[in-house]
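Beneath this line is the structure, given in structure tokens, with notes to follow.
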Amino acid sequence: MKLAPLGEATRRDQIVRSLRDLIVSGALPMGERLTEIDLSAQMGVSRAPLREAIRELVSSGLLVSQPYRGLFVREFSRRDLDELYSLRTTLEAMAFRQCWDMRDAAALADLDRRHADLVTAIERGDDPARAIALELDLHSWAYELSGHRLLIEAWQRICPNLQFYFTLHQRAHSRPGPRRDAHEVYVARARGDDLPAMLDHLTDHMRQGWLRTAQLLDHETQPGIRPDTGKTPDSK
1 MKLAPLGEAT RRDQIVRSLR DLIVSGALPM GERLTEIDLS AQMGVSRAPL REAIRELVSS
61 GLLVSQPYRG LFVREFSRRD LDELYSLRTT LEAMAFRQCW DMRDAAALAD LDRRHADLVT
121 AIERGDDPAR AIALELDLHS WAYELSGHRL LIEAWQRICP NLQFYFTLHQ RAHSRPGPRR
181 DAHEVYVARA RGDDLPAMLD HLTDHMRQGW LRTAQLLDHE TQPGIRPDTG KTPDSK
């Protein structure tokens, strides 16, 4: 793969964004082994900011560094999926309970804007990584509106995992990005007056995505390092 050289500004942040986009889009496949030498040469950057960027991506969970083995793009296992599904469902339900009475005209306008940005990106055929970022931004709405700092921190910590999840989810549906109408009911319920209906839809919406993605993971064998074991698939 040939990577475009980066400019001078904010090298570390540029490297982080570039590698994150390549990972999330699937251009760097899960389980692929990476080396500093190759990345430095292909991206046209020095090793120092590259190492800093790698440390950040390892910390966020997108890369896995194993002593004496090397650096790998993280693999997303069935266990990861199941734990992410249960945690995300719980967190987002809590976010809506916390923010429900805080919704006003400005908050609903913000929700509509986020949804419109996502729909526009889908209609334009933007890069899948861009659509995933906007989908996360839409789901961030309830957390941000709640103002609950620990809840927001918990959400931010699982976002790298959700980037992996959304990529797999679209692959399970044999499409590059989300459907244009995928969040219409979600937004309508979030704007409505029935919190139980919102929570029911949230549970169903996430369960359907989890089931479809689980089917994909159950039928795929991924190479590389498994983040929950630190072993390759053929390791005992």
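The numbering of the sequence shown is UniProt numbering, which starts it at 1 and goes up by one.
We put the CB at the ideal spot given by N, CA and C, even for glycine.
- In the DSSP assignment, residue 50 falls outside any beta strand (DSSP E) and within the unbroken alpha helix (DSSP H) covering 47-60.
- The C-beta distance from residue 50 to residue 40 rounds to 5 Å, short enough to fall under 8 Å.
- Note that the C-beta distance between residue 169 and residue 207 is not below 8 Å.
- The beta-carbon separation of residue 63 and residue 76, rounded to 13 Å, does not stay under the 8 Å limit for a contact.
- In its chain, beyond the 5 residues on either side, 84, 87, 88 and 91 have a beta carbon closer than 8 Å to the beta carbon of residue 158.
- Ranked by Cα distance from residue 13, the first of 33, 38, 45 and 36 is 45.
- Contact fails between the region 55-69 and the region 90-109, because fewer than three Cβ pairs, one in each stretch, are under 8 Å apart.
- In this chain, the beta strand (DSSP E) harbouring residue 71 covers 70-73.
- Secondary structure note for residue 108: it is in no beta strand (DSSP E), and the uninterrupted alpha helix (DSSP H) holding it is 105-124.
- Contact between residue 144 and residue 166 is ruled out by a C-beta separation of about 19 Å, above the 8 Å threshold.
- In this structure, residue 185 sits away from residue 115, with a CB-CB distance that is not shorter than 8 Å.
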